[in-house]
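Everything below concerns the one structure shown next.
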Amino acid sequence: MLESRNFNGVEIFRPSKEHEKRVYKRIKESVFKRFSPGTYTDKTQVVKIVNFLYQEYYKILDENLPRVAPREFAAFLATEYELYGKVSDMYKQKKLSEKDQELWLSYASYARRGIKHLFELLCRSKMDYSEVERTQEKQEDAISMAFIAAEELVSLYMRSETYRSFLDSITLRLDPTKHIYFHVEEDSSINLDIRSSVLDFNKYVPSNMLHNDINAQEEILGQSFVETLGLGFKDTIGTIKWLIVTYSDESNPERLGFFELKEAVSIMINHFRLTAEQAMRILEGFCLSSETMIERELYKPKQEYRAYKRAFFKDQCDGKELVFFSRRMALECLDLLISDVPFKKLPVEWKSINIKSALDVMSLKAGRWFEHIVTQNLEMLGIIGSSSVKTLRLSATEKLNVPPEVGEIDFLGFHEKQELLVIIEIKQVGFTTEPRMYLDDLSKFVTKSKSYSEQFRKKFNWARKNVESIEKHFSHNFNVDAKLNTAGYAMITLYPTVASTKIHDFTCISITDFMNQSLESTAWPFSKGSVHKSASFQYDV
């Protein structure tokens, strides 16, 4: 019999203590047959141990998943994805008790990704029934074992990448006398709690921002989509949403949604006068199949074919090609697809030269939009200034160009009462919780040549060195006698980025956290330095 756990009124499936003990014993024995007890500080060795654990849990998953009837299991997973989603919503809204929150963060928070991967594996298996157990009891046993393995696999692949690429040092203690026999001291240091940023986001960023404004996106992408797919961007997204809503149950969102692919194509052809090829191309951009996921690996989040922005799973059944899906997962994936468009990301099936050109325009417009949002928020704080500064206007006849090696300054402003020069770098980065994606941000922000950090240092140091010219610029452009005795500088991002934890000489912060901290302070609470008005000037970097 399957067991459940109540989270603030929502009952979610949780494997029994007995199953947890079985898995715990098996994995622990495997670890200490292979590795000696002790303290490990060599990163390569720690990652090797983590990867060994990953392989052992995958063995458990491979042993147990074929024992469960796949289509019935898909229906079960759709129910649990909806219920786990409700608990996730409560966690994000800070509505869980301390005890529930602790349990959620310990393992259950990995279940949603684990469920996605189980969906992927079922689809990849072609819904094979050849090894399914004959009794419900044995199938339920396999479900519990597979569920534990899936959660642990998600946890391990995220930790492995974090250990490998993000931590400067690591200390692992393998101790068979302890219940927690695998303990990494640094685990607690890499948690990024963004709930406050998410909850307060729309205080400072309009809800109809370009990243989710389908009408604004249609204005830019519409024609290129018509030329490529036969439908505008808005109608393309609308068609997929119509399929999700029509073939699932709003009053019972836990139920598995499904439709026949041939029927969906026929509806699209008749309603929009598309060709069969165009209709299939649109649908394929949101579909996963056993063929497209042959090389799918959980630890490779950059793979095109995974349940991230695709949520229609193909299934050949009784001579028909069906599509099954979780309503919540599908709507989430569609939202992610839409919000990623300004970052020039679309399904490969939808790409063309015309769409690429339109995406370039979209990306540029989104960047300018965010710069405008930041400027508006700075004005709320009493900071005024100039955006996209390439030249300082000192008078009607004088100007000073920002050197090419310094580059355009996103925002150069001042706070009159605080006598503060304000230099802001604005970065519209996407949000991610994937450690593999952390590396992209880390590279762009910190490690690569001409990183965002390197470029920003040049900008704020140049501004501090040329403060007297900047005072003239403000006097000429804003008709104020700005006395600038200190410089404040910060890099502001649309969403929180883990890369900020690797920047130590200036503040890198999301727009939400920037505004919250600013409004809670009576003075500039971020990185500051002296300005060059005398020989006392010193670089902070």
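Add 1 to the 1-based position in the sequence shown for our numbering, that's all there is to it. Backbone N, C-alpha and C define an ideal beta-carbon position, used for all residues, glycine too.
Report yes if the CB atom of I238 is closer than 8 Å to the CB atom of I339, and no otherwise. Sequence index remark: in the sequence shown, residue 238 carries index 237 (1-based). Sequence index remark: in the sequence shown, residue 339 carries index 338 (1-based). Judged by their CB atoms, I238 and I339 are nearer to each other than the 8 Å cut-off.
For C605, which residues does DSSP report across the bridge? Nothing can be reported for residue 605: it is not among the residues displayed for the chain, which extend from 2 to 542.
Output needed for F479: all residues of its chain with C-beta closer than 7 Å, excluding positions within five of it in sequence on either side, in chain order. Locating residue 479 in the sequence shown gives position 478, counting from the first residue. Within the same chain, F479 has close Cβ partners I385.
Terminal residues of the continuous beta strand (DSSP E) containing S5? Residue mapping note: residue 5 aligns to position 4 of the sequence shown, counting from 1. 5-8 is the span of the beta strand (DSSP E), which, as asked, contains S5.
I need the DSSP call for V390, collapsed to helix, strand or coil. Here residue 390 corresponds to residue number 389 of the sequence shown, with the count starting at 1. Residue state, collapsed to three classes: strand.
Within 10 Å of its beta-carbon, does V48 have 16 or more other beta-carbons around it, so buried, or fewer, so exposed? As a first step, residue 48 is located in the sequence shown; it is residue number 47 there, counting from the start. Under this definition V48 is a buried residue.
Rounded separation between S98 and N9 - CA only: For the purposes of this step, residue 98 is identified with residue 97 of the sequence shown, where counting begins at 1. For the purposes of this step, residue 9 is identified with residue 8 of the sequence shown, where counting begins at 1. Taking the straight line from one Cα to the other gives about 8 Å.
Less than 8 Å between the beta carbons of L422 and I471, yes or no? For the purposes of this step, residue 422 is identified with residue 421 of the sequence shown, where counting begins at 1. For the purposes of this step, residue 471 is identified with residue 470 of the sequence shown, where counting begins at 1. A contact, by the Cβ cut-off of 8 Å.
Specify the secondary structure class of H416 as computed by DSSP and reduced to three states. Residue numbering aside, residue 416 sits at position 415 when the sequence shown is read from its first letter. Strand at H416.
Can you name the start and end residues of the alpha helix (DSSP H) that I13 belongs to? In the sequence shown, the residue the question calls residue 13 occupies position 12. It is not in any alpha helix (DSSP H) - I13 instead sits in the beta strand (DSSP E) that spans 11-14.
Only counting the same chain, and skipping five residues up and downstream in sequence, which positions put a Cβ closer than 7 Å to that of M294? As a position in the sequence shown, residue 294 is number 293, starting the count at 1. Only E121, C124, R125, Y306 meet the Cβ criterion.
Cβ-Cβ distance between E162 and T172 below 8 Å: Here the question's residue 162 lines up with position 161 in the sequence shown. Here the question's residue 172 lines up with position 171 in the sequence shown. Not closer than 8 Å, so no.
Inter-residue CB distance, R196 and S249 (contact presumed, cutoff 8 Å): Here the question's residue 196 lines up with position 195 in the sequence shown. Here the question's residue 249 lines up with position 248 in the sequence shown. That belief does not hold up - the Cβ atoms of R196 and S249 are roughly 28 Å apart, past 8 Å.
With H, G and I counted as helix, E and B as strand and the rest as coil, what does DSSP make of V51? Looking up residue 51 in the sequence shown gives position 50. Helix at V51.
Within the region 321-375, ranges of the alpha helix (DSSP H) (whole runs, at least 4 residues): The alpha helix (DSSP H) runs of length 4 or more contained entirely in the region 321-375 are, from start to end of the chain, 328-341.
For M281, which residues from the same chain have a beta carbon less than 7 Å from its beta carbon, with the 5 sequence-adjacent residues on both sides left out? Counted from its first residue, the sequence shown places residue 281 at position 280. V266.
For E12, collect the residues of the same chain with a Cβ closer than 6 Å to its Cβ; drop the 5 residues on either side in sequence, then sort them by chain order. Here the question's residue 12 lines up with position 11 in the sequence shown. For E12, where only same-chain residues beyond five positions count, the Cβ hits under 6 Å are S5.
Applying the 10 Å Cβ sphere with the 16-neighbour rule, what's the burial state of V88? Your numbering for residue 88 matches position 87 in the sequence shown. Label assigned to V88: buried.
Excluding the five sequence neighbours on either side, which residues of its own chain have a C-beta within less than 6 Å of the C-beta of F461, listed in chain order? For the purposes of this step, residue 461 is taken as residue 460 along the sequence shown, with counting starting at 1. The residues are I424, Y490.
Going by beta carbon distance, what residues of the same chain come within less than 7 Å of H605, once the five residues before and after it are set aside? Nothing about residue 605 can be read from this structure; the chain reaches only from 2 to 542.
Supposed close pair L200, Q94 - CB separation, criterion 8 Å: As a position in the sequence shown, residue 200 is number 199, starting the count at 1. As a position in the sequence shown, residue 94 is number 93, starting the count at 1. Sure, about 7 Å apart at Cβ, within 8 Å.
N-terminal and C-terminal residue of the beta strand (DSSP E) that I425 is part of: As a working note, residue 425 is residue 424 in the sequence shown. Unbroken beta strand (DSSP E) run through I425: 421-428.
Which parts of the region 150-236 are runs of the alpha helix (DSSP H), unbroken and 4 residues or longer, counting only runs that do not cross its ends? 196-205, 215-230
Out of F36, S110, Y309, state which residue places its alpha-carbon closest to the alpha-carbon of F183. Residue 183 sits at position 182 when you count from the first residue of the sequence shown. Answer by Cα proximity: F36.
Under a three-way DSSP split, which group does Q56 fall into? Along the sequence shown, one-based indexing puts residue 56 at 55. Helix.
Please classify T498 as buried or exposed, where buried requires at least 16 other C-beta atoms within 10 Å of its C-beta. Numbered from 1 along the sequence shown, position 497 holds the residue referred to as residue 498. Buried: at least 16 other Cβ atoms inside 10 Å.
Apart from the five residues on each side of it in sequence, which residues of its chain come closer than 7 Å, Cβ to Cβ, to F33? As a first step, residue 33 must be located in the sequence shown, where it is residue number 32. So the qualifying residues of the chain are P177.
Thinking just about the alpha-carbon of each residue, which of G414, F148, L257, L244 is nearest to the one in F325? To locate residue 325, count along the sequence shown from 1; it is residue 324. Nearest option by C-alpha distance: L257.
Leaving out the 5 sequence neighbours to the left and right, which residues in its chain are closer than 8 Å to R113 when beta-carbon positions are compared? If you number the sequence shown from 1, residue 113 lands on position 112. Once the five neighbours on either side are set aside, the close Cβ partners of R113 are Y82, Y85, G86, S89.
Compare the C-alpha of L119 against each of Y55, N65, V24 and name the closest. Locating residue 119 in the sequence shown gives position 118, counting from the first residue. Checked all of Y55, N65, V24; the closest Cα to L119 is N65.
For L244, collect the residues of the same chain with a Cβ closer than 7 Å to its Cβ; drop the 5 residues on either side in sequence, then sort them by chain order. As a first step, residue 244 must be located in the sequence shown, where it is residue number 243. Around L244: F260, A265.
If you draw a straight line from the alpha carbon of T523 to that of V468, how long is it in whole angstroms? Sequence index remark: in the sequence shown, residue 523 carries index 522 (1-based). Sequence index remark: in the sequence shown, residue 468 carries index 467 (1-based). Roughly 23 Å between the two C-alpha positions.
Measuring alpha carbon to alpha carbon, tell me which residue in G383, S17, G408, Y92 is nearest S454. Looking up residue 454 in the sequence shown gives position 453. Of G383, S17, G408, Y92, the residue nearest in Cα terms is G408.
Run through DSSP, which three-state label would D316 get? Counting from 1 along the sequence shown, the entry for residue 316 is found at position 315. Strand at D316.
My guess is that V447 and N486 are in contact by the Cβ rule of under 8 Å, so how many angstroms apart are they, rounded? Along the sequence shown, one-based indexing puts residue 447 at 446. Along the sequence shown, one-based indexing puts residue 486 at 485. No, V447 and N486 are not in contact; Cβ-Cβ is about 30 Å, not under 8 Å.
How would you write the range of the beta strand (DSSP E) that N402 sits in, first residue to last? If you number the sequence shown from 1, residue 402 lands on position 401. It spans 400-402 - the beta strand (DSSP E) in which N402 sits, taken as one unbroken run.
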